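Keeping their order, the protein sequence lines are chains R and C. So for the first sequence, the numbering used here puts the first residue at 121; every next one is plus one. So for the second sequence, the numbering used here puts the first residue at 2; every next one is plus one.
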Amino acid sequence: DAGVTQSPTHLIKTRGQQVTLRCSPKSGHDTVSWYQQALGQGPQFIFQYYEEEERQRGNFPDRFSGHQFPNYSSELNVNALLLGDSALYLCASSSTGGISTDTQYFGPGTRLTVL
Amino acid sequence: AQSVTQLGSHVSVSEGALVLLRCNYSSSVPPYLFWYVQYPNQGLQLLLKYTSAATLVKGINGFEAEFKKSETSFHLTKPSAHMSDAAEYFCAVVGSGGSYIPTFGRGTSLIVHP
Numbered sequence: 121d122a123g124v125t126q127s128p129t130h131l132i133k134t135r136g137q138q139v140t141l142r143c144s145p146k147s148g149h150d151t152v153s154w155y156q157q158a159l160g161q162g163p164q165f166i167f168q169y170y171e172e173e174e175r176q177r178g179n180f181p182d183r184f185s186g187h188q189f190p191n192y193s194s195e196l197n198v199n200a201l202l203l204g205d206s207a208l209y210l211c212a213s214s215s216t217g218g219i220s221t222d223t224q225y226f227g228p229g230t231r232l233t234v235l
Numbered sequence: 002a003q004s005v006t007q008l009g010s011h012v013s014v015s016e017g018a019l020v021l022l023r024c025n026y027s028s029s030v031p032p033y034l035f036w037y038v039q040y041p042n043q044g045l046q047l048l049l050k051y052t053s054a055a056t057l058v059k060g061i062n063g064f065e066a067e068f069k070k071s072e073t074s075f076h077l078t079k080p081s082a083h084m085s086d087a088a089e090y091f092c093a094v095v096g097s098g099g100s101y102i103p104t105f106g107r108g109t110s111l112i113v114h115p
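Written out as structure tokens, the structure reads:
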């Protein structure tokens, strides 16, 4: 049983560019959450998708947007990249229908570097 | 807004010694509390979680944590450290102050000496 998978593993972009990160949830999971983890920091919640809709959102600007597909996989899009967007982006899935109190399973992350 | 404080960015112990990683949260209502472990270049793995049942929660790999409402604490312990326990540990809270957005602490790096 494959766990949460994310692609790509690493990505290098320049300021002002746009990036799309992808996540496939663990089999049987219907909810996907995205987190940003800056170096030396804990993960920060970006948003959560359930039933193809954004259900909750953290304190991130509109440059961060997402999408969930009918097969429950998800994309995170970041526009107009800033140097401060350099971080590890983590995807987590759960089978809780959008409830954040249940166990989340994390993927290995995508390391984004903005030059 | 809910918050989580992890005291000590680094904790160093000898192999076989007691591990104690501290976590305090801000809330007047008992929230849901989690401990995660992150090994280098990997995602987070759930160690244990508190959901208002027993105050002493047992997790994987011999770890346990005790919820103390009076101290707003949820410290993580393990009686005997193993070299393989060296990793980054994160405490997280959900449901504190009416917020169901997960909030993580800044993490504590556990160093285990032979």
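By construction, the Cβ of each residue, glycine as well, lies at the ideal position given by its N, Cα and C atoms. Since the structure is predicted, the reported quantities are computational estimates derived from the model, not experimental observations.
What residues from chain C crowd round residue 235 of chain R, counting only those whose CB sits closer than 9 Å? The residue labelled residue 235 of chain R in the question sits at position 115 within the first sequence. Residues of chain C passing the Cβ test: none, with the nearest at roughly 21 Å.
Within 10 angstroms of the Cβ of residue 126 of chain R, are there 16 or more other Cβ atoms? Answer buried if so, exposed if not. As a working mapping, residue 126 of chain R is identified with position 6 in the first sequence. It is buried - the Cβ of residue 126 of chain R has at least 16 other Cβ atoms within 10 Å.
Does residue 44 of chain C have its Cβ less than 7 Å from a Cβ in chain R? Residue 44 of chain C sits at position 43 when you count from the first residue of the second sequence. With 7 Å as the cut-off, residue 44 of chain C counts as an interface residue toward chain R.
Going along the chain, which residues of the segment 135 to 165 of chain R sit with their C-beta nearer than 9 Å to a C-beta in chain C? 153, 155, 157, 160, 161, 162, 163, 164 and 165
Is there a Cβ from chain R that is less than 7 Å from the Cβ of residue 47 of chain C? For the purposes of this step, residue 47 of chain C is identified with residue 46 of the second sequence, where counting begins at 1. Residue 47 of chain C counts as touching chain R.
Quick check: the Cα distance between residue 208 of chain R and residue 111 of chain C, rounded to an integer number of angstroms? Within the first sequence, the letter at position 88 stands for residue 208 of chain R. Within the second sequence, the letter at position 110 stands for residue 111 of chain C. Residue 208 of chain R and residue 111 of chain C: Cα-Cα distance of roughly 20 Å.
Kindly indicate which three-state DSSP category residue 146 of chain R falls into: helix, strand or coil? As a first step, residue 146 of chain R must be located in the first sequence, where it is residue number 26. Coil at residue 146 of chain R, not helix or strand.
For residue 171 of chain R, does the three-state DSSP call read helix, strand or coil? Locating residue 171 of chain R in the first sequence gives position 51, where the first residue counts as 1. In the structure shown, residue 171 of chain R sits in coil (DSSP, three-state: anything other than H, G, I, E or B).
Using the Cβ count rule (16 or more neighbours within 10 Å means buried), how would you classify residue 233 of chain R? As a working note, residue 233 of chain R is residue 113 in the first sequence. With fewer than 16 Cβ atoms within 10 Å of its Cβ, residue 233 of chain R is classed as exposed.
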